[in-house]
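Input: a single structure, listed below in structure tokens.
Numbering (the UniProt record's numbering), first residue to last: 1 to 588.
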């Protein structure tokens, strides 16, 4: 987790132009997309709620229209029957019954038509069926309404028709008081038309308000006229809050008395005052909101991904030339000054690239000039140091010659003077810095002869050079400082005589000199300091191992130079690696 956070922090700290462009535009896009998404969600949900309200009202309006149309039709039938009966004076009862039966045949929803006297006697009835003995008309609501207000057409609540034997139809009874003219005068009576409630039930059953919504009807006092779960309402298993609908004729409100939020919409049937009540569940509207929100989320995510991909491509297109220029600068920072690749891109980047390459050309020119100056300076310093060998060594040798003359060792004097002359002849080499391996071997041999005279047979030496390397070219005065270091620091402090071995050969395509002694050796830290120049010798020539190593690398390159292997009380081995150069391959 820490690594992940560290990576994120590093990525942010990097502040690459591609990162900045992508992040900035992505942030702006996210904000715009979120703003648009919120606005769309707000507008869509508001529209969805309004559509739900409007749809419910339109459905109830249609129910109201259909119910009004049906009730008007049944009212017209009732008025037709009433008119027929009123005009039936002088008409035979059989003929009137036939007319009423014809009306029943034309309307399948009419269950029965009957005329009763105020005492409950059946005067006219169709279809002609005997009445039930225990049918008490005085207790029927439709009969009571007709008697109480004979001029008003009343509609009863749905009930089981139980007047005639064999009839158990669920009906709505229409009744009104009428007067029949008979032989003895006018007879007050009650006209009854039973309409099958199934027609009203079918009208309401076809209505759907969502998956759970429904419509029910109440009368003026709150009695249930129709309910899709009417049986449950009658037995008390379902209850409707009818107090609020009784207060309003039209409109909508949210009711949460049953534990669920429901949208209640009210319409009133003008003819009867019945109220059609639509019940819609708010969770279905919330589900619609949820579907809208999910759709918008997926849409916005898709748009966000597409925009992010486009922004990544565009930002990469813009930043790629700048990143290429940055990589060129990194290569320069790592030491590669050969960078010269033109970068294509916008005008500003191309101009910046051109200025950068122009600057690099000037830097390369200045570096080459500095290198030439430093090489010339270093060579001059090395030549000065090398020149210091001669007076110092000459002084020591002449002191030895004087001592040998004093004790009468004339042969040793001759040998020393002869070796000294040969040594200086080779050292001068007519001002040349490159000599043959044979000449370098001869130079170090004369040096060893002189040193052996000075140190009174303190050491022995042997020199071995392969025939194929004698004509190779090498820097002069490479072996003398190494041999000098071996004598002064390795052999001289020893109690026993020492031994120095020098060899020259070819190894891995390179010229290899090896100077080996059995002196005291040196610890690892001294070995490292010798090549680094941190170890100061005493009594040496002044040139030192470091100067030999630097001369080789300065002349031939970093892959050549010295290697030192040493072990205390065992001895030291110095390897000198040089390129294999013949007369036609001379460098320097």
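No residue lacks a Cβ here, since even glycine has one placed at the ideal position from N, Cα and C.
CB contact flag (residue i, residue j, <7 angstroms)
i           : j           : result
residue 113 : residue 147 : no
residue 506 : residue 578 : no
residue 177 : residue 195 : no
residue 493 : residue 520 : yes
residue 552 : residue 530 : no
residue 215 : residue 278 : yes
residue 437 : residue 469 : yes
residue 172 : residue 155 : yes
residue 259 : residue 220 : no
residue 567 : residue 573 : no
residue 33  : residue 300 : yes
residue 126 : residue 104 : yes
residue 307 : residue 29  : yes
residue 207 : residue 63  : yes
Distance, residue j Cα to residue i Cα
i           : j           : result
residue 130 : residue 101 : 16 angstroms
residue 187 : residue 180 : 5 angstroms
residue 359 : residue 508 : 42 angstroms
residue 416 : residue 401 : 7 angstroms
residue 490 : residue 397 : 20 angstroms
residue 500 : residue 452 : 11 angstroms
residue 136 : residue 120 : 8 angstroms
residue 327 : residue 315 : 17 angstroms
residue 293 : residue 108 : 50 angstroms
residue 264 : residue 69  : 24 angstroms
residue 403 : residue 420 : 16 angstroms
residue 61  : residue 116 : 37 angstroms
residue 222 : residue 163 : 26 angstroms
residue 445 : residue 463 : 8 angstroms
residue 541 : residue 478 : At residue 541 the pLDDT is 43, less than 50, meaning the model places this residue with poor confidence; the figure from the coordinates comes in the next sentence. Each residue's alpha carbon lies about 12 angstroms from the other.
residue 141 : residue 96  : 27 angstroms
residue 333 : residue 318 : 24 angstroms
residue 406 : residue 414 : 14 angstroms
residue 412 : residue 460 : 16 angstroms
residue 241 : residue 305 : 51 angstroms
residue 576 : residue 560 : 8 angstroms
residue 410 : residue 449 : 15 angstroms
residue 250 : residue 204 : 18 angstroms
residue 336 : residue 356 : 14 angstroms
residue 365 : residue 372 : 11 angstroms
residue 548 : residue 466 : 23 angstroms
residue 297 : residue 322 : 36 angstroms
residue 442 : residue 426 : 8 angstroms
residue 128 : residue 169 : 16 angstroms
residue 13  : residue 303 : Low confidence applies here, because residue 13 scores a pLDDT of 47, under 50, leaving its location unreliable and the question unanswered by this model.
residue 455 : residue 433 : 30 angstroms
residue 290 : residue 244 : 30 angstroms
Buried/exposed call for residue i, threshold 16 Cβ in 10 Å
i           : result
residue 152 : exposed
residue 174 : buried
residue 486 : buried
residue 517 : buried
residue 256 : exposed
residue 631 : Coverage of the chain is limited to positions 1 through 588, which leaves residue 631 absent and any answer about it impossible.
residue 557 : exposed
residue 311 : buried
residue 86  : exposed
residue 65  : exposed
residue 27  : exposed
residue 513 : buried
residue 209 : buried
residue 522 : buried
residue 71  : buried
residue 267 : buried
residue 58  : exposed
residue 338 : exposed
residue 262 : buried
residue 498 : buried
residue 35  : exposed
residue 524 : exposed
residue 211 : exposed
Residues bridged to residue i [DSSP beta-bridge criterion]
i           : result
residue 254 : 263
residue 53  : Its beta-bridge partners do not exist; DSSP assigns none.
residue 106 : Paired residue(s): none; residue 106 is not in a bridge.
residue 196 : 171
residue 214 : 279
residue 462 : 501
residue 125 : 114
(message) Ignoring anything shorter than 3 residues, give me the beta strand (DSSP E) runs that lie fully in the UniProt domain "Histidine kinase" (475-582), in order along the chain.
(response) With a minimum length of 3 residues, the continuous beta strand (DSSP E) runs that stay inside the UniProt domain "Histidine kinase" (475-582) are 498-507, 510-517, 561-567, 571-579.
(message) List, from N- to C-terminal side, the alpha helix (DSSP H) runs of 4 residues or more that fit wholly inside the region 309-375.
(response) List check, alpha helix (DSSP H) in window: nothing returned.
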